[in-house]
Amino acid sequence: MTLGRLASHCAETLQWLDVVVNQDVIEMDPSTYTPFQAGSRSELLETFDRNFESAKDVIRDQPDATLLANWQMKSGDKVTIEMPRIGVIRGFVLNHLVHHRGQLSVYLRLNDVPVPSIYGPSADEPG
4 MTLGRLASHC AETLQWLDVV VNQDVIEMDP STYTPFQAGS RSELLETFDR NFESAKDVIR
64 DQPDATLLAN WQMKSGDKVT IEMPRIGVIR GFVLNHLVHH RGQLSVYLRL NDVPVPSIYG
124 PSADEPG
């Protein structure tokens, strides 16, 4: 992925929480999926912030029964993911975001952009 696409992917990832919590099955057709592509830094940040707030609202007060119920992603007749929602949230949404955030920090470093704090100060932040 390009730097812009990767950053856009990070911004869109939390949007998936709504689908995982509020739908039992999602039909994923890669041929019709249009990924989000931010046109500017402000659009990227606004999208991430909006999706973050939405994800918090979606997950808040969900009963255990909802989070423990199975969820599926299908591509045609093929089930590509099936597991309890809580596993999808952790593995497919949150871990996915963490993985790509790590890739994004490498892109930043390679482009001489100071890496921001992730788990405490980075080597690029003043002491």
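Oh and the sequence shown: position 50 is 53 in the working numbering, straight run, nothing missing.
A virtual CB, placed ideally from N, CA and C, is assigned to each residue, including glycine.
- Around the beta carbon of Ser-11, 16 or more other beta carbons sit within 10 angstroms, so the residue counts as buried.
- Judged by beta-carbon spacing, Ala-72 lies beyond the 9 Å limit of Leu-20, meaning their Cβ atoms are not closer than that value.
- By the neighbour-count definition (other C-beta atoms within 10 Å, threshold 16), Asn-98 is an exposed residue.
- In terms of Cα proximity to Asp-64, the closest of Val-91, Gln-75 and Val-24 is Val-24.
- If the five residues before and after Val-82 are omitted, its C-beta is found closer than 8 Å to the C-beta atoms of Gln-75 and Met-76, all from its own chain and listed in chain order.
- Annotation: the continuous alpha helix (DSSP H) that includes Ile-62 extends over 44–62.
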